[in-house]
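Novice: The opening position of the sequence shown corresponds to residue 0 in numbering that gives the first Met the number 0, with each subsequent residue numbered one higher.
No residue lacks a Cβ here, since even glycine has one placed at the ideal position from N, Cα and C.
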Amino acid sequence: MGTAEQRREQLARMRLYVITGNHGDEVETARIVDAALEGGANVIQLRKKTMPKGEQYTMAVALRRLTLLHDALLIINDHADIAIAADADGVHLGQDDLPPSVVRQLPGFHGRLIGRSTHSLEQARAA
0 MGTAEQRREQ
10 LARMRLYVIT
20 GNHGDEVETA
30 RIVDAALEGG
40 ANVIQLRKKT
50 MPKGEQYTMA
60 VALRRLTLLH
70 DALLIINDHA
80 DIAIAADADG
90 VHLGQDDLPP
100 SVVRQLPGFH
110 GRLIGRSTHS
120 LEQARAA
């Protein structure tokens with residue numbers, strides 16, 4: 000997609016942020032994501048909590064192709080390694096995932112975005 004600054008600028012212009020659900024295989028998810036992108040979404044978050052990581056990677060690669068065609072960002076839920084391997088724009092981390100400070104140091108992660116789930120004021124301040 001581009002540099003860290005380009006990714007942040009694109010995120011600032013966000014119109015619609017779509018998060019995939021746990022249902023659906025790669026074909027169905029790609030169809031839904033393509034429709035969302037056609038409808039104006041410019042950020043897609045791949046969130047398949049119950050799907051094996053290998054399948055998530057395959058799906059991430061397919062969604063990366065779609066997001067590039069639509070000049071949209073791709074965010075991977077929980078797995079910085081998949082984000083790097085699929086050349087996604089960033090990762091969304093939960094409270095039980097690696098800390099952002101560790102993810103930023105991973106080889107190949109430089110310049111990607113990090114989002115963080117928070118459930119309290121203290122967690123928000125720490126994020």
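1. Have a look at residue 2 and residue 111 and give me their C-alpha separation to the nearest angstrom.
2. Taking the beta strand (DSSP E) that residue 92 belongs to, which residues open and close that run?
3. Buried or exposed for residue 91, going by 16 or more other Cβ atoms inside 10 Å?
4. In its own chain, which residues sit with a C-beta less than 7 Å from the C-beta of residue 65, not counting the 5 before and 5 after it?
5. What are the boundary residues of the beta strand (DSSP E) that residue 15 is part of?
Specialist: Judging by the given coordinates:
1. 8 Å
2. 89 to 92
3. buried
4. 29, 32, 33 and 36
5. No beta strand (DSSP E) contains residue 15, which DSSP labels as neither H nor E.
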